[in-house]
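Participant:
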Amino acid sequence: MDIGPVTICGEVTILHGGFLLASRLCHPKPLSELAKSDWSVVGKPILEALQEICTSYSCYPPQPNLWKKKAAVVLWSKLLLSAVPSDDRWKSDAFFSVSNMIPEINHTVLFELFKAINAPRLFTQLLLVLPDPLCQKELQTLVEYIANGTSPADVAFFLDIWWEVMKHKGGEEDQLVLLFQNVTHQHVLESEELDQPPKRFKSSPSSMPEYSAVPLVLPILTEGLKLIKDSLGSTRMKCYALANLVDVLSALVATECQAKALSPQAYLEKISSTVTLWSCDCENRYNKKDLDAKVKEAERSMSLPDMVKLSKQLVLCNLNFLHSLLKEWASEVQVFLNDPQQVCYESYRLLNCLAALQTRLTNCGLEDLNQETARVMLDLGKVIADLLKKINPETWGKSTGGDLVASVAMVIIDKKMDRHQEVCSVFAMEKNWALSKDWVACLVKNKALFQDPELILKLLETVASLESPEDSSRNREQQIKVVKIILECYTELSLPDKNKVIAGVLASWGRQGLSKLMVAFSERFQEELNVAFNQIIQSASGEGFKKAILAISRLVVLNPEGTIKKISNLAIANLGTHQFLAEILCSFPALSFQEPQDQPNVSRNLLLECLKETVWERLSSPKEKEQFLEFLVHLMRPSGTTPLLSPSEVVQSLIFPFLKSDSPRIELCLQILDKALKVPSEQSWIHTCHPFPLIFSLCKLLDGFSQYWHQPEDQERYSLETKDLVVTNLAQLCDVLLVQKDSLSPQLWTQSVAWLHKKLSVLDWTIGLRVKDIFGEHFRNEVPATLFEVCKLPEEDWTTRPLPNYGAGSGLLAWLETCCVSTALREQMLVLLVVNVDNPEEVNLFSKGFLVALVQVFPWCSQSEWRRLVHVIKSLLEREILYVPYSLEYVQFLPLLNFRPFAYHLQLSVLLLRAFQFLCGASGATWMPVEAWRHVGRLYCLSLSDLLGSVKTIARGQWHSVEEKNVIRELSFVYIQMFCHTLHVAAMLPNHGTGDPLLLVSMEILSQYEMLYDLDESLGSALRKANETHFLESIVENVTNKELRTMLLHQINKI
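What the sequence shown shows, in this note's numbering, is residues 1188 to 2242, in sequence order.
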């Protein structure tokens, strides 16, 4: 409020004239001696002067009550500062110039003026900003004044002040009141009347401590009631007085007992009831006020101030006083309260106050109180309860219409009154108000207040409940407005709050989100979806990520399923976008929603279900599968955000249903399992995935590889290299399970291991070796008895297993199969192998048996297993346990060169040639399908590639230690031998393209030989080169494939 000037002006002159007339009417006594009985005559010119000022409209905009306030403030400050010398006042008293024009007055003039202008709230505000001693003194003066010749107007004014004191809240003072506070605090604290030591206290209103004087004045008011209780003529005033006293006691008891606040709905209904009563009561001072003013005033009356604990003796006195009043006025009050014609705000308030006090007295623990207080509280509670039982429920108040409650709620929200946030909650969920014109207007005007996830969800539920075919046409425009506002409120939320809304939407309406609610939410969704993702794909950057989150957050809440499926499709179809899109999805942890299923306590992850429905069946190319895998990995291990998928969910959804030998997705499942097992996790998630059945499923897959080449040709067959993936997953799974072993009870672990052992007993015996760490001390390694014939196996760790297929002489076969299982077992087998190298016959027999066993194992090996076997061969050759003679088949004499560094390479090349001669012989040429021949050809190429790499490594190490020409000649010899062996093997392999990879390797060997050919510039090398190239041409001439023969000859001719 703009308080305007508080200086000499036209209004002050008029007021001055009024006081001069009053002084004449009071003559011969001065106004400072005015008696209460004289005010009706003397006060008339003063009130007329005020009326003239207030209706003159000398200011704009008009403020008719402002000068009433100014006059009251000036008069009170004049009274309070009358003892302060003028020389001190004029410098710092803002009211000095005006108050100096007013004749000396007494409290009669002040109090009667307040009564005349009906300003109990202003009186209370000014009273409570006075220094505490002065505040108590002034109120005591008022009580004494009221008690002397008490009139009905005095009673009403006293009770109004009391009620205003109860409703007072600090911080609501306007500038005029704060100015009065400054002036009084500055000067009055020095007054001798207050017996304070001399000091000057200067402070601005903002520096005043937050302190309430209410508890200090309440005892004075209750004592004042005791003085004037016999002057309360009407029953209505008695109800008013009782309500005030009961409110004081309720506040004190609530402080002791921690009373609960009203629910928002009850709060609204109570305010609405108060407004209804004021509107129906012509005697009430709020009757003529508009709805906003009534609601604001009713709201003030709803919350009592915080009370400091008064002395227990004072509480006891007040309880006794109320008890005596109820006994004295019981019959009169009872009749009044039961009369439907007398229902008014005072009766309504008294009944509510008594009910509240009775509840608090009943619920308050009496054990902490002294015996006398507890007894009085018990007796008072019974008296109140008896009185309330005798009151007709129909006379407690007047019925309130739903429209009024809605209007009250909207006023509270518009004006942002106390508890307006709680009222917003009621507003959002009240279906009877929703979509009305006023409701929508209030929502539009106050949309900032509804930017809260809980309120948005309540609004959505309310709007959803009103959607019906017959309403849609009538309320279409309102619906569109509301939808727009709700989405705008949602857009302004922080990302965590948006996730709360998304979670609530999914829980209420499922995967289709808001688009399931009404057409207004689903319109243009597809268009928005396409536009948003076109922009996202084009700007996958840091700034683009923020914009993407903003755009996707809207789409996700509109249709989570549609958004997820679009992202999934893009992640697979657009190369390089999978990580960016996964990070976007992980920004919405609410999407890890568990969809309930028809079965109880069964749910499925929404994201995984959408992935399965969208891309699972259409993954065809290796690149798409790779993108899908990486997409899943980023969903399980995003950078800097919470994972959207857990490994356990992925395993249960994408692996368990498809982990079967006949599943077309078996390889992809195994790759997913490999990724899931590598995700770091502190939780024992593996236990939720039935780890032992999962181990058994992997073992069954491995068992299928033992019959791999015997499966019908028309049966869908995955790559033999999948075996490595199964083995890797099985090893990882066992490791993870062993790490988390302690989280299971020993009994459960033992039972699970026993179950697994029983299940594996019908599978290939090598599978048990792969899970030997799981079996641990429970079971020994079970192997064919013949393995004990070639190894010294410790019986505490190893035992025999009856296997009819492993008869006499199969020990080396079992040994090689054991070497294939793992690197650790390979090394153990090499240590435990028993061969007497001093016995030539035994070495010779071992070498022949080894070749036979190798031929039997070779076709069933995966690449990693074959590499383990090659390592075994190398170890045996180095230890001279395995004998492989150098072949003279492709050379007439051995040159006098140092072949020791390349002995292994030459021997392995010869051994592989002998193995293929065995495989491709008349007895074995038809026992494998075409794909098996292609597989062994690929394994042979793998070995040759590794040999070439090893040869080059050795050559680099020997290059500077020996004469360069000798190294070149040795390398040339090795390359020519390998080239011849390769063409020999290629010639032996069946047709159908099984030898094509070998011919490509032979081209690589020729390329290496060509490099040496160009480097060899030694004397006499020309003849040797000519002989070598002629020899190579003669070998190539025997290649049956004309096209490849031409290519090789062309390569040789280039040399």
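Heads up, the beta-carbon is just placed ideally off N, CA and C, and yes, glycines get one too.
Since the model is a prediction, treat every value here as computed from it, not as a measurement.
#1: To the nearest angstrom, how far is it from the Cα of Trp-2002 to the Cα of Pro-1747?
#2: Would Glu-1836 be called buried (16 or more neighbouring beta carbons within 10 Å of its own) or exposed?
#3: Could you compute how far the alpha carbon of Lys-1799 sits from the alpha carbon of Leu-1793?
#4: Between Lys-1481 and the rest of its own chain, which residues show a CB-CB distance below 6 Å, the 5 nearest in sequence each way excluded?
#5: Could you pull out every residue in the same chain whose Cβ sits closer than 7 Å to the Cβ of Asn-1305, ignoring the five residues on either side in sequence?
#6: Less than 8 Å between the CB atoms is what I'm expecting for Thr-1422 and Phe-1523, so what's the real figure, rounded?
#7: Leaving out the 5 sequence neighbours to the left and right, which residues in its chain are closer than 6 Å to Leu-2000 when beta-carbon positions are compared?
#8: Give the C-beta separation of Arg-2013 and Arg-2055 to the nearest angstrom, bearing in mind that I take them to be a contact with Cβ-Cβ under 8 Å.
#9: Would you call the stretch 2063-2074 and the stretch 2029-2038 touching, i.e. three or more CB-CB distances under 8 Å?
#10: Can you check whether the CB of Leu-2170 is closer than 9 Å to the CB of Ile-2239?
#11: Pick out the complete alpha helix (DSSP H) segments inside the stretch 1832-1873, 4 residues or longer, and give them in chain order.
#12: Leaving out five residues before and five after Leu-1644 in sequence, what residues of the same chain have Cβ atoms less than 7 Å from its Cβ?
#13: So, is Arg-1562 buried or exposed, given that buried needs 16 or more other C-beta atoms within 10 angstroms?
#14: Taking only three categories from DSSP, how would you classify Arg-1698?
#15: In whole angstroms, what separates the C-alpha of Leu-1449 from that of Phe-1843?
#16: Which stretch, first to last residue, makes up the alpha helix (DSSP H) that contains Thr-1764?
#17: If you pair each beta-carbon of the stretch 1572-1591 with each one of the stretch 1523-1542, do three or more pairs fall below 8 Å?
#18: Please report how far the alpha carbon of Glu-1331 lies from the alpha carbon of Leu-1405, in whole angstroms.
#19: Is Asp-1911 closer than 9 Å to Glu-2052 when the C-beta atoms are compared?
#20: Helix, strand or coil for Arg-1663, going by three-state DSSP, please let me know.
#21: What ranges does the alpha helix (DSSP H) occupy inside the stretch 2193-2228, keeping only unbroken runs of at least 4 residues that lie completely in it?
#22: From Phe-1815 to Val-1838, what distance separates their C-alpha atoms?
#23: Helix, strand or coil for Leu-1405? Go by DSSP, reduced to three states.
#24: On a CA-only basis, which of Ser-1840, His-1965, Cys-2006 is nearest Cys-1978? Give me that one, please.
#25: How is the beta strand (DSSP E) around Pro-2027 delimited, first residue to last?
#26: Should Trp-1942 go down as buried or exposed, given a rule of 16 or more other Cβ atoms within 10 Å for buried?
#27: With a CB to CB cut of under 8 Å and the five nearest residues on each side skipped, what residues in its chain are close to Thr-1311?
#28: Going by DSSP, which residues form a beta bridge with Cys-1978?
#29: Give the DSSP bridge partners of Pro-1783, in chain order.
#30: Whole beta strand (DSSP E) runs in the stretch 1589-1670 with 3 or more residues, listed along the chain?
#31: Would you give the residue range spanned by the beta strand (DSSP E) that Thr-1986 belongs to?
#32: Examine the Cβ distances between the stretch 1280-1289 and the stretch 1335-1342 and report whether three or more of them are shorter than 8 Å.
#33: Hey, is Pro-2046's beta-carbon within less than 9 Å of any beta-carbon in chain D?
#34: Please return the same chain residues whose Cβ sits closer than 7 Å to the Cβ of Ile-1873, not counting the five positions on each side in sequence.
#35: Among the candidates Lys-2061, Leu-2063, His-2058, Tyr-2091, whose CA atom is the shortest distance from the CA of Tyr-2073?
#36: Of the choices Arg-1824, Gln-1894, Phe-2160, whose alpha-carbon is the least far from that of Ser-2244?
Facilitator: On the basis of the supplied data:
#1: Your numbering for residue 2002 matches position 815 in the sequence shown. Your numbering for residue 1747 matches position 560 in the sequence shown. Roughly 57 Å separates the two Cα atoms.
#2: Within the sequence shown, the letter at position 649 stands for residue 1836. By the 10 Å Cβ count, Glu-1836 comes out buried.
#3: For the purposes of this step, residue 1799 is taken as residue 612 along the sequence shown, with counting starting at 1. For the purposes of this step, residue 1793 is taken as residue 606 along the sequence shown, with counting starting at 1. Whole-angstrom Cα-Cα distance: 10 Å.
#4: For the purposes of this step, residue 1481 is taken as residue 294 along the sequence shown, with counting starting at 1. For Lys-1481, where only same-chain residues beyond five positions count, the Cβ hits under 6 Å are Val-1462, Trp-1465, Tyr-1473.
#5: Here residue 1305 refers to the residue found at position 118 of the sequence shown. Correct list, in chain order: Arg-1472.
#6: What you label residue 1422 is simply residue 235 of the sequence shown in a count that begins at 1. What you label residue 1523 is simply residue 336 of the sequence shown in a count that begins at 1. That belief holds up - the Cβ atoms of Thr-1422 and Phe-1523 are roughly 4 Å apart, short of 8 Å.
#7: Counting from one through the sequence shown, the residue named residue 2000 turns up at place 813. Cβ within range, chain order: Ala-2040, Gln-2043.
#8: For this step, residue 2013 is matched to residue 826 along the sequence shown. For this step, residue 2055 is matched to residue 868 along the sequence shown. Contact flag correct, Cβ pair sits at about 5 Å.
#9: yes
#10: The residue labelled residue 2239 in the question sits at position 1052 within the sequence shown. The residue labelled residue 2170 in the question sits at position 983 within the sequence shown. No, these two residues do not count as a Cβ contact at 9 Å.
#11: 1834-1837, 1853-1864
#12: Counting from one through the sequence shown, the residue named residue 1644 turns up at place 457. Correct list, in chain order: Val-1688, Gly-1691.
#13: For the purposes of this step, residue 1562 is taken as residue 375 along the sequence shown, with counting starting at 1. The residue is exposed, with fewer than 16 neighbouring Cβ atoms inside 10 Å.
#14: The residue given as residue 1698 occupies position 511 in the sequence shown. If DSSP states are grouped into helix, strand and coil, Arg-1698 belongs with the helices.
#15: To locate residue 1449, count along the sequence shown from 1; it is residue 262. To locate residue 1843, count along the sequence shown from 1; it is residue 656. Between Leu-1449 and Phe-1843, the C-alpha separation is close to 54 Å.
#16: Taking the sequence shown and counting its residues from 1, the one referred to as residue 1764 is at position 577. First-last for Thr-1764: undefined, no H or E at that position.
#17: yes
#18: As a first step, residue 1331 is located in the sequence shown; it is residue number 144 there, counting from the start. As a first step, residue 1405 is located in the sequence shown; it is residue number 218 there, counting from the start. So the alpha carbons of these two residues sit roughly 15 Å apart.
#19: Here residue 2052 is taken as the residue at index 865 of the sequence shown, counted from 1. Here residue 1911 is taken as the residue at index 724 of the sequence shown, counted from 1. Against a cut-off of 9 Å, the Cβ pair of Asp-1911 and Glu-2052 comes out as a contact.
#20: By one-based count along the sequence shown, residue 1663 stands at place 476. Arg-1663: helix per DSSP, three-state reduction.
#21: 2208-2223
#22: Locating residue 1815 in the sequence shown gives position 628, counting from the first residue. Locating residue 1838 in the sequence shown gives position 651, counting from the first residue. Approximately 15 Å, taken between the alpha carbons.
#23: To locate residue 1405, count along the sequence shown from 1; it is residue 218. Leu-1405: helix per DSSP, three-state reduction.
#24: If you number the sequence shown from 1, residue 1978 lands on position 791. It is Cys-2006.
#25: The residue given as residue 2027 occupies position 840 in the sequence shown. Unbroken run through Pro-2027 is the alpha helix (DSSP H), 2027-2044; no beta strand (DSSP E).
#26: The count along the sequence shown starts at 1 and reaches residue 1942 at position 755. Exposed, since its Cβ has fewer than 16 Cβ neighbours within 10 Å.
#27: Sequence index remark: in the sequence shown, residue 1311 carries index 124 (1-based). So the list reads Ile-1348, Glu-1351, Val-1352, His-1355, once near-sequence residues are dropped.
#28: Translated into the one-based positions of the sequence shown, residue 1978 becomes position 791. Partner(s): Leu-2020.
#29: Within the sequence shown, numbered from 1, the residue matching residue 1783 stands at position 596. Answer is Ser-1790, bridged to Pro-1783.
#30: none
#31: The residue labelled residue 1986 in the question sits at position 799 within the sequence shown. That run of the beta strand (DSSP E) goes 1985-1987.
#32: no
#33: The chain inventory of the structure shown lacks chain D, comprising one protein chain alone.
#34: Here residue 1873 corresponds to residue number 686 of the sequence shown, with the count starting at 1. Here the set comprises Val-1923, Leu-1924, Gln-1927.
#35: For the purposes of this step, residue 2073 is taken as the residue at position 886 of the sequence shown. Cα-wise, what sits closest to Tyr-2073 is Tyr-2091.
#36: For residue 2244 there is no data in the structure shown, the boundaries of the chain being 1188 and 2242.
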